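Novice: Residue numbers (the working numbering): 3 to 151. This is the structure I want to talk about, given as structure tokens.
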């Protein structure tokens with residue numbers, strides 16, 4: 003897990019070729035112009051999902067993880083918190099290989115408050131709980147850059 007500012011992502015170049023492609027794209031991209039849903043960057047190696055939603059209480063949120071992709075979560079507008087736990091601390095409940103989706107149950111180890119300009123990079127070992135409201139429900143726009151690891 004890497005938690006910080008979008009403006010400082012270039013310091014993480016060199017970790018993985020697809021992550022490098024994603025970071026270089028983010029250095030010049032205007033994410034507010036992304037269409038809802040999938041946006042192409044580099045085929046199935048790097049693409050962006052633009053999500054618009056209302057945040058929810060933690061009790062309604064669910065864990066997700068991935069085996070083949072890492073995610074870069076970038077807040078476009080709004081505020082939320084994202085929970086992160088190492089997969090070894092959680093119980094796997096669902097596996098959908100076609101979607102690269104893993105579901106889990108268990109406690110949140112770390113909360114990352116997210117607002118415009120913040121970035122959170124999670125790798126396959128980092129399960130994450132998204133869409134969680136901070137102090138109240140709020141409309142959010144978030145870009146999730148998927149990069150093959």
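Even glycine gets a Cβ: it sits at the ideal position worked out from N, Cα and C. The model shown is predicted, which means the values in this text are computed figures rather than measured ones.
Looking only at DSSP bridge pairs, what is residue 30 linked to?
Specialist: None; residue 30 has no bridge partner.
Novice: What first and last residue would you give for the beta strand (DSSP E) that runs through residue 95?
Specialist: Start and end: 93-98.
Novice: Rank 107, 126, 72, 117 by C-alpha distance to the C-alpha of residue 146 and give the top, closest one.
Specialist: It is 72 whose Cα lies nearest to the Cα of residue 146.
Novice: Helix, strand or coil: how does DSSP classify residue 12 here?
Specialist: Helix.
Novice: So residue 130 packs on residue 104, CB below 8 Å; how close in whole Å?
Specialist: 11 Å between Cβ atoms; not a contact.
Novice: Can you tell me where the beta strand (DSSP E) holding residue 83 begins and where it ends?
Specialist: Start and end: 81-88.
Novice: Suppose you measure from the CA of residue 148 to the CA of residue 52; what does that come to, to the nearest Å?
Specialist: Roughly 11 Å between the two C-alpha positions.
Novice: Nearest to residue 107 by alpha carbon, out of 38, 61, 141?
Specialist: Selected option, being the one with the closest Cα: 61.
Novice: Rounding to the nearest angstrom, what Cα-Cα distance links residue 20 and residue 74 in this structure?
Specialist: Their Cα atoms are separated by approximately 12 Å.
Novice: How about residue 84 and residue 116: are their beta carbons less than 8 Å apart?
Specialist: Yes, these two residues count as a Cβ contact at 8 Å.
Novice: Between the Cα of residue 140 and the Cα atoms of 120, 54, 92, 38, which residue gives the shortest distance?
Specialist: Ranking the options by Cα distance to residue 140, first place goes to 54.
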